[in-house]
Amino acid sequence: MKALIIKDFKTAPMIDLNVPTPVADTKFDTLIDVLAAPIENFDKANATGRHYSSTYWHPAFPSIPGASGIGRRVDNGKLVAFPARTLKPRFGSFAEQTVANSKLLFEIPEDTDIYSSTAAASSLTTSIAPLQFSLEMKPGNTVLINGATGFAGQLAIQAAKALGAAEIIGTGRNPERLAALKDLGATQTISLADDDETILNNLSNMKIKGDLIILDYLWGHPIELILKSIVPTSLEMKRATSLVSIGAVAGQNITLPSTALRTSGLQIIGMQTPKVMQNQQAVYQAVWKLLGTGKIKTTVKTISLEDAAKNIDWQKPVPSGVRTVIKVSEIKR
79 MKALIIKDFK TAPMIDLNVP TPVADTKFDT LIDVLAAPIE NFDKANATGR
129 HYSSTYWHPA FPSIPGASGI GRRVDNGKLV AFPARTLKPR FGSFAEQTVA
179 NSKLLFEIPE DTDIYSSTAA ASSLTTSIAP LQFSLEMKPG NTVLINGATG
229 FAGQLAIQAA KALGAAEIIG TGRNPERLAA LKDLGATQTI SLADDDETIL
279 NNLSNMKIKG DLIILDYLWG HPIELILKSI VPTSLEMKRA TSLVSIGAVA
329 GQNITLPSTA LRTSGLQIIG MQTPKVMQNQ QAVYQAVWKL LGTGKIKTTV
379 KTISLEDAAK NIDWQKPVPS GVRTVIKVSE IKR
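Okay, here's the thing in structure tokens:
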């Protein structure tokens, strides 16, 4: 079969036309014809040995990258989505066939927009999982998306709107995409391209209703400014504040003042929590329910496996605001 393979963590994925078909076993028991697979930062980091789970997914070489996608079960022809952690190590989704754990597959409707849904599913999970499951957000609260101009951030705006957030605040550097967030559901926007004093002033003047949930895709200096802005000036506890760490595009480390924890009602959690891990199927159902409304807007670029080998820089982050999807096989309805 045709696939992208890596020979080691130092060499970029390359096309191979004669990769052996994966073999099912007792755990990864279902062979899948892959239709489409997204290229995400997770995939790039894993393929280049920069992610903590790289050696789990690629315990030996050659190995096929790609964590998720959409395809058809070989045994019954059903159209299925396979989220991250579903596939057998060394047999990723950047191939004509892969092998998966059938218990984690999610059957989807035949009329699914394959490429848009492939692009959106994993990224939408990063907001649906914490908002709906970890934090059980109630309508009427405020959601601040730090890094809202990125692809996942744009989806987070739409997820917050669908879940009934009263105020949705988006931050970002790109002025055109920042302005476009209002069309997706943002009620307020804050530019991170300004100087620190201006950013802090704008953050301090945010309109917040109910509790505040911060979905952070950036970390680094931007989240430092946000945390500084929420430190209260009195002993009055106005609200609970939850910070969900999802990405670290702006840096891996921050300085966290203790006052941001002691007096602001702040709790910090990661995107993956026990509630999310224990309710994975329910999370997927929520994601696909939202995708099934047809109201989720995405910007998608499709390429071939050959293009992925030739034209993707695997050492650089994925382009902001758009998701690249590999068209692996011909879609037949």
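If you count the sequence shown from 1, you need to add 78 to reach the numbering used here.
Positions of the beta carbon are idealized from the N, C-alpha and C atoms, including for glycine.
In the three-state DSSP reduction, Asn224 falls in the strand class (E or B).
In the DSSP assignment, Phe160 falls within the unbroken beta strand (DSSP E) covering 157-160.
The beta carbon of Val400 is closer than 8 Å to those of Phe229, Thr377, Val378, Lys379 in its chain, skipping five residues each way along the sequence. Here the C-alpha atom of Val309 lies approximately 7 Å from the C-alpha atom of Thr341. In the three-state reduction of the DSSP assignment, Thr249 falls in the strand class. The DSSP assignment places 192-206 as complete runs of the alpha helix (DSSP H) inside the stretch 154-213, in order along the chain (cut-off: 4 residues). Beta-bridge partners of Asp111 (DSSP): Arg150, Gln175. Within the stretch 272-329, the complete beta strand (DSSP E) runs of at least 3 residues fall at 290-294, 319-323. For Phe87, same chain residues with a beta-carbon under 7 Å away, outside a window of 5 residues either side, are Thr126, Gly127, Ser132 in chain order. Residues of the same chain with a CB within less than 6 Å of the CB of Ser323, apart from the 5 flanking positions on each side, are Asp294, Gly348 in chain order. The beta carbon of Thr108 sits closer than 7 Å to the beta carbons of Ala102, Arg151, Asp153, Val177, Ala178, Ser180, Leu183 from its chain, once the five residues preceding and following it are set aside; these are given in chain order.
One thing to note: Ser141 has its Cβ within 8 Å of the Cβ of Ile83. The criterion of a C-beta distance shorter than 8 Å is satisfied by Thr220 and Ile286.
Note that the C-beta distance between Ser205 and Ala243 is not below 8 Å. Contact annotation: Ala90 and Leu369 have beta-carbon atoms that are not nearer than 8 Å. The C-alpha of Arg168 is placed about 5 Å away from the C-alpha of His136. For the 8 Å CB-CB criterion, Ala234 and Ile223 form a contact. Secondary structure note for Lys388: its alpha helix (DSSP H) is the uninterrupted segment 383-389.
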